[in-house]
Amino acid sequence: MKIVFATSNPHKLHELNEICAGSGIEFVLPNEGFAPVENGSTFEENSLIKAKEAYRVSKTYCLADDSGLCVDALNGAPGLYSARYAGTQDEKIEKLLVELKGVENRSAKFVCCVTLLDDKGEMIFQTVGECHGSIVKERKGVNGFGYDPIFKADNYDCTIAELSEEEKNKISHRGNALKKFLEFMHKNFNIT
């Protein structure tokens, strides 16, 4: 089964196809013209906005996610604005490390909401996955993307960027949300 994944980020598309490998689902990019305006006030709202935009241009089953890093000491920031927190990804990481300089409580979580629309554009599934951990004081690792080099998951002695792709996908916020999605697909569409 092919499902349009509402993103223009090739890293996310690759990660999604890796997590769902062997399920009978192949994720593809939306048709041209995909340009969602992420103006929701929650991950759930932004995920639905992206799914609806992907459906508008593709007219088939669409899955969208909205995700971000929520840092307790920063009142949940960067949160919804994780992708727009600063210019480049290096600048985003640097800004976060500067804002946490001297801060003892470095607890944080990655959050991912996924939303599935059917071939009529109706929402048929939505869920949230989380990965709890903390922000380390300096970058470590070269795998992954985004804030992975500064995020250490609970019960791990290394950053997400130091894990293999397979290890990351087992514990990540996106991996946790997609496990629930695959359970839904198995139950309702006989997807393995």
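Numbering (the working numbering), first residue to last: 5 to 196.
The beta carbon of each residue, even a glycine, is placed where N, CA and C say it ideally should be.
Under the DSSP assignment, Phe129 falls in the beta strand (DSSP E) whose first and last residues are 127-139.
As a beta-bridge residue in DSSP terms, Phe9 pairs with Leu67. Residue burial annotation: Glu19 is buried, with at least 16 other C-beta atoms found within 10 angstroms of its C-beta. Beta-bridge partners of Gly72 (DSSP): Val115.
Here the segment 28-39 makes no contact with the segment 81-96; the two share fewer than three CB pairs at distances below 8 Å. Short of 6 Å from the beta carbon of Val107, and not among the five residues preceding or following it, lie these beta carbons of its own chain, in chain order: Ala77. Within the same chain, Ala90 come within 8 Å of Glu98 by CB-CB distance, once the 5 residues on both sides are set aside.
In the structure shown, Ala25 falls within a coil segment according to DSSP collapsed to helix, strand and coil. Taken through DSSP and simplified to helix, strand or coil, Val61 comes out as helix. Contact check for Thr119 and Ser45: beta-carbon distance about 15 Å, past the 8 Å limit, so the pair fails to qualify. Pairwise C-beta distances place the segment 182-193 out of contact with the segment 135-151, as fewer than three of them are shorter than 8 Å.
If you check the CB distance, Thr163 and Gly145 come in under 9 Å. By the neighbour-count criterion, in which 16 or more other beta carbons inside 10 Å mark a residue as buried, Gly26 falls on the exposed side. The C-beta of Glu170 has fewer than 16 other C-beta atoms within 10 Å across all chains shown, which makes the residue exposed. Around the beta carbon of Ser71, a 10 Å sphere encloses 16 or more other beta carbons of the protein chains shown; the residue is thus reported as buried. Phe31: member of the beta strand (DSSP E) spanning 30-32, first to last residue. In the displayed model, Phe188 falls within a helix according to three-state DSSP.
Residue pairing by DSSP places Lys156 opposite Ser138, Thr163 in a beta bridge.
In the DSSP assignment, Pro82 forms a beta bridge with Cys74.
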